[in-house]
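Engineer: Under my numbering, the first residue of the sequence shown is numbered 615, with each subsequent residue one higher.
The beta-carbon is built from N, C-alpha and C at its ideal position, and this holds for glycine as well.
Quick one: the structure is below, and I'll ask about it shortly.
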Amino acid sequence: MREDARDAANRVNEQRLWQRHSEMAQIGAIPGNGVNRAALSKEDIVARKLLLSWAAKRNYAISADGIGNLFLRRAGTDPNAEPVMTGSHMDTQPRGGRFDGIYGVLAGFEALEAMDEAGVTTRRPVEVVAWTNEEGGRFAPCTMGSIVFTGARPLNDVLEVTDNEGIRLKDALAETLAATPQVKPREFKSPAAGYIEAHIEQGPLLENAKKTIGVVTGIQGLRWFNIEVFGKTDHAGTTPLALRKDAVRDAIAIINALTELTRDAQDVTRFTVGRMLVTPNSPNSVASHVLFSVDIRHPDLKTVTRLGDAVEALARKAAQFCEVKVTPTLHDNPCAFDAQVAGAIENAATKLELPHMRLASGASHDAMYMARVCPTAMIFVPCEKGISHNEAENAAPADLAAGARVLTAALIELANR
Ligand code: HGY
Ligand code: MN
Ligand code: MN
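Encoded structure:
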């Protein structure tokens, strides 16, 4: 390991990193030690301002692209060299935890500060990114900031997406961008030499194996859909069942059919309906409209393709009384990360004498999209009992710092290649 990389890794400050998590966890804090910081919300704006206030003290150059992804750049000796990037997201699930996403942003920031304090220079610039709307909880789909940044979908494709209150992403985005006018504009798809994302595992494997570092090899495939069922509202007491176009009954039939489709004795397939909006949503009116989400995941390309491709026909067949509209909102094939970048992470963990193992990610991340445009890999650290997307999400300060040390060393390695 390079001497400067070891020196900088040893400058990672566990206390400062933990303190920053505590400060961020206050923004959108909810009972049970959780956080509700939806993308492009007023809480998101407060978190962005806090991060930018820390960056300003360090003279990192700050920029934002058209969907609000925030970039904090530490200069390299060669200003024209493509940067090495790291980062994750600051938005959370509605009943999210204090570590999902924000850890990757703060570990990246800690890496830059450790480089400063070690007096390390790198040939390439190193950038920390805070991606907009990774969770997709408010505005579907997830990983929206990296999807648009990498050019997988144009910004115009998502501006009209609305949240449960009918607020358009376009309006929430304008408000968020206006809140940080000091930020320089940044074009989409600016080239990068590499990307490493640090994240809590959101599963139990590292904790069970008593490993501190996960060298992540890839992410399973996922398919998201919005399914709408169009019925007719009627009186619950007077309308015979035979005459009804009951959108809830058909939605249930569709969900039962998808449950059968995704039944898996090995319990590898993931099928979730997490969001459901019923109209008029009254106990004594037959539902005229239901919108619900479908999230299907599997590590095998053929399987996730077969399952995703079967959704629309199955939904139409299962609906007895109503019209059905199936809108695909995400189609991510399983992705394998870059062997060189994973190797740099593994080497750093070895040289820093941290117990580590290779594993794939069940959760998706912005690294899924960055892997399409530059050499990419991820670092996992354990979280308690693998719990995430839940207020009880927890991680140990020492593990967070260990992940940041590996990140620091691996970034310096890549930034001098
Ligand atoms: O859904 C996911 O896998 C990520 O946590 N947003
Ligand atoms: Mn996440
Ligand atoms: Mn998440």
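(1) Could you tell me which uninterrupted beta strand (DSSP E) segments, each at least 3 residues in length, are contained entirely in the stretch 837–892, listed from first to last along the chain?
(2) By the 10 Å Cβ neighbour count, where 16 or more other Cβ atoms means buried, how is residue 683 classified, buried or exposed?
(3) First and last residue of the alpha helix (DSSP H) that includes residue 1011?
(4) Determine the direct distance from the alpha carbon of residue 898 to that of residue 773, and round the result to whole angstroms.
(5) Residue 832 and residue 977 look like a contact to me (Cβ under 8 Å); what is the Cβ gap, rounded to whole Å?
(6) Which of helix, strand or coil does DSSP assign to residue 563?
(7) Pull every residue with its beta-carbon under 6 Å away from any heavy atom of ligand 5, and keep them in chain order.
(8) For a quick check, are the C-beta atoms of residue 844 and residue 937 less than 9 Å apart?
(9) Could you tell me whether any non-hydrogen atom of ligand 3 is closer than 8 Å to the CB of residue 714?
(10) Among the residues of its own chain, which have a CB less than 8 Å from the CB of residue 1030, if the five just before and after it don't count?
(11) Kindly examine ligand 3 and report whether one of its heavy atoms sits closer than 8 Å to the Cβ of residue 635.
(12) In angstroms, rounded to a whole number, what distance separates the CA positions of residue 932 and residue 872?
(13) Within the continuous beta strand (DSSP E) that includes residue 970, where are the two ends?
(14) Mind reading off the beta-carbon distance from residue 891 to residue 904? Whole number of angstroms is fine, and I expect it under 8 Å.
(15) Spell out the partners DSSP gives residue 911 in its beta bridges.
(16) Quick one: residues in its chain with C-beta nearer than 6 Å to the C-beta of residue 811, no 5 flanking neighbours on either side, listed in chain order?
(17) Does ligand 3 have even one heavy atom less than 8 Å from the beta-carbon of residue 1002?
(18) Would you mind stating whether residue 790 and residue 853 have Cβ atoms separated by less than 9 Å?
(19) Please report the distance separating the alpha-carbon of residue 952 from that of residue 867.
(20) Using the Cβ count rule (16 or more neighbours within 10 Å means buried), how would you classify residue 813?
(21) Per DSSP, what are the beta-bridge partners of residue 743 in this structure?
(22) Going by Cα to Cα distance, which pick from 855, 731, 700, 1017 is closest to residue 760?
(23) Classify residue 1022: buried if its beta carbon has 16 or more other beta carbons within 10 angstroms, exposed otherwise.
(24) In the DSSP assignment, what are the bridge partners of residue 808?
(25) Report the partner residues of residue 776 according to the DSSP bridge assignment.
(26) In this structure, does DSSP put residue 937 in helix, strand or coil?
(27) At what residues does the beta strand (DSSP E) containing residue 990 begin and finish?
(28) Going by C-alpha to C-alpha distance, which of 968, 646, 641 sits closest to residue 660?
(29) I believe residue 651 touches residue 705 by the beta-carbon criterion, under 8 Å. Please report the beta-carbon distance rounded to the nearest angstrom.
(30) Let's see if you can read the secondary structure: which residues bound the beta strand (DSSP E) around residue 675?
(31) If residue 707 sits next to residue 748, beta carbons under 8 Å apart, how far is it from one beta carbon to the other, in whole angstroms?
(32) If you draw a straight line from the alpha carbon of residue 767 to that of residue 804, how long is it in whole angstroms?
(33) At a cut-off of 8 Å, is residue 849 close to ligand 2 when judged by its beta-carbon and the heavy atoms of the ligand?
(34) Please report how far the alpha carbon of residue 983 lies from the alpha carbon of residue 817, in whole angstroms.
(35) Straight-line CA distance for residue 585 to residue 697?
Structural biologist: Inspection of the coordinates gives the following:
(1) Segments of the beta strand (DSSP E) lying fully in the stretch 837–892: 884–886.
(2) Counting other Cβ atoms within 10 Å of its Cβ, residue 683 reaches 16 or more and is therefore classed as buried.
(3) Taken as a continuous stretch (DSSP letters only), the alpha helix (DSSP H) holding residue 1011 covers 1011–1029.
(4) One alpha carbon belongs to residue 773, the other to residue 898, and they sit about 35 Å apart.
(5) About 12 Å; that fails the 8 Å criterion.
(6) Coverage of the chain is limited to positions 615 through 1031, which leaves residue 563 absent and any answer about it impossible.
(7) Looking at this structure, you won't find ligand 5 anywhere; what it does contain is ligand 1, ligand 2 and ligand 3.
(8) Between residue 844 and residue 937, the C-beta gap is smaller than 9 Å, which places the two residues in contact.
(9) Yes, ligand 3 has a heavy atom inside 8 Å of this Cβ.
(10) So the list reads 616, 736, 737, 738, once near-sequence residues are dropped.
(11) Residue 635 Cβ: outside cutoff for every heavy atom of ligand 3.
(12) Straight-line Cα distance between these residues: approximately 9 Å.
(13) Taken as a continuous stretch (DSSP letters only), the beta strand (DSSP E) holding residue 970 covers 970–975.
(14) Contact flag correct, Cβ pair sits at about 7 Å.
(15) Note: residue 911 sits in a beta bridge opposite 836, 884.
(16) Here the set comprises 702, 718, 979, 981, 992.
(17) Indeed, a heavy atom of ligand 3 lies less than 8 Å from the Cβ.
(18) Going by C-beta atoms, residue 790 is not nearer than 9 Å to residue 853.
(19) Each residue's alpha carbon lies about 42 Å from the other.
(20) Looking at its Cβ environment, which holds 16 or more other Cβ atoms inside 10 Å, residue 813 is buried.
(21) 685, 701, per the DSSP bridge assignment.
(22) Closest option to residue 760, judged by alpha-carbon separation, among 855, 731, 700, 1017: 700.
(23) Buried, by the Cβ-count rule.
(24) Bridge partners of residue 808: 698.
(25) Its beta-bridge partners are 782.
(26) Strand at residue 937.
(27) It spans 990–995 - the beta strand (DSSP E) in which residue 990 sits, taken as one unbroken run.
(28) Minimum Cα distance to residue 660 is reached at 641.
(29) Your pair residue 651 and residue 705 checks out as a contact, with CB atoms roughly 6 Å apart and the cut at 8 Å.
(30) DSSP places residue 675 inside the beta strand (DSSP E), whose first and last residues are 675–678.
(31) The distance from the Cβ of residue 707 to that of residue 748 is about 10 Å, inconsistent with a contact at the 8 Å cut-off.
(32) Distance between the alpha carbons of residue 767 and residue 804: 15 Å.
(33) No, since every heavy atom of ligand 2 falls outside the 8 Å radius drawn around the Cβ of residue 849.
(34) When rounded, the distance between both Cα atoms is 21 Å.
(35) There is simply no residue 585 to check, as the chain begins at 615 and stops at 1031 in what is shown.
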